[in-house]
Ligand code: APR
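In the numbering used here, the protein residues as written are 1 to 249.
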């Protein structure tokens, strides 16, 4: 990243009153959580042998092979010790300073809330929340889910408990999508970071942005780089950290 790029992003966010952040797994790699499609990502590490990670993260796998699903889920998607990094804390500060109105994330790790962000639209749900498949849809936190049996069972009704995560083959929650679209539509600055922008409908959110201050911060090129008003191929945690150091010293 160049000083000019950081200067531009800093001035945009200093003038912003309704900035929105849209992010993905690259926001949490600095917290020790692998992303999906990078060389060191989950899909690369699991690609050799075994079933595809997309299958292991699917509704079909949950229903047909729950023990395999939960073993994969616990090993690869639950990171109880992960802590927010400077991207998460910087975004929470931008909200506190009334520059940013919302975070829209594809991540399910809950680190934005842990960092203090109040308005977080979780397009793909969260591993911090679980519910049972019984009629009552009893709800549980991650801490309430025992390590065994492998497939957690509801103590109230005996039905299987599942994570409140959008699995492959499932639809996104309409209310969450509507809230995210509204936030992006009203954004004066749209900061996109740590996402390959490969997965729809999430990636399609960018098309609702109507301003001329679309900043894309990603380690690698994305299919939307050509649409951005500012492209920075650097770590999102470092970029947000530098911007916040300038804005809020
Ligand atoms: N700073 C900036 N970019 C980073 C960083 C970082 N510190 N670390 C990784 N990246 C980039 C990678 O180069 C990659 O382009 O973040 C991007 C992460 O892309 P993916 O692994 O595809 O993750 P994401 O875009 O969130 O995937 C979307 O796909 O599998 C589904 O449901 C899953 O929510 C996920 C969705």
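Note that beta-carbon positions come from the ideal geometry of N, C-alpha and C, so glycine has one too.
Treat the numbers as computed from the prediction; the structure is a model and nothing was measured.
{"Item": "Using the beta-carbon count (16 or more within 10 Å), is residue 248 buried or exposed?", "Value": "exposed"}
{"Item": "From the DSSP output, in three-state form, read off residue 213 for me.", "Value": "coil"}
{"Item": "Along the chain, where does the beta strand (DSSP E) that runs through residue 131 open and close?", "Value": "125 to 132"}
{"Item": "Return helix, strand or coil for residue 48, following the three-state DSSP convention.", "Value": "With a pLDDT of only 47 at residue 48, under the threshold of 50, the placement of this residue in the model should not be trusted; the figure read from the coordinates follows. Coil at residue 48, not helix or strand."}
{"Item": "Taking DSSP's pairing of strands, which residues face residue 168 in a bridge?", "Value": "58"}
{"Item": "Is the region 25 to 40 touching the region 192 to 208 in the sense that three or more CB pairs, one from each, lie closer than 8 Å?", "Value": "yes"}
{"Item": "Rounding to the nearest angstrom, what Cα-Cα distance links residue 139 and residue 158 in this structure?", "Value": "13 Å"}
{"Item": "Determine the extent of the beta strand (DSSP E) in which residue 202 is found, giving its start and end residues.", "Value": "Neither: residue 202 is in no beta strand (DSSP E) and is coded neither H nor E."}
{"Item": "Pick out whichever of 32, 206, 88 has its Cα sitting closest to the Cα of residue 229.", "Value": "206"}
{"Item": "Where do the N-terminal and C-terminal ends of the beta strand (DSSP E) with residue 102 fall, by residue?", "Value": "100 to 105"}
{"Item": "By Cβ distance below 7 Å, which residues in the same chain neighbour residue 48 in space, the five residues on each side in sequence not counted?", "Value": "For residue 48, the predicted structure reports a pLDDT of 47, less than 50, and the residue's modelled location is therefore unreliable. A value from the coordinates is still provided. Result list for residue 48: empty, nothing under 7 Å."}
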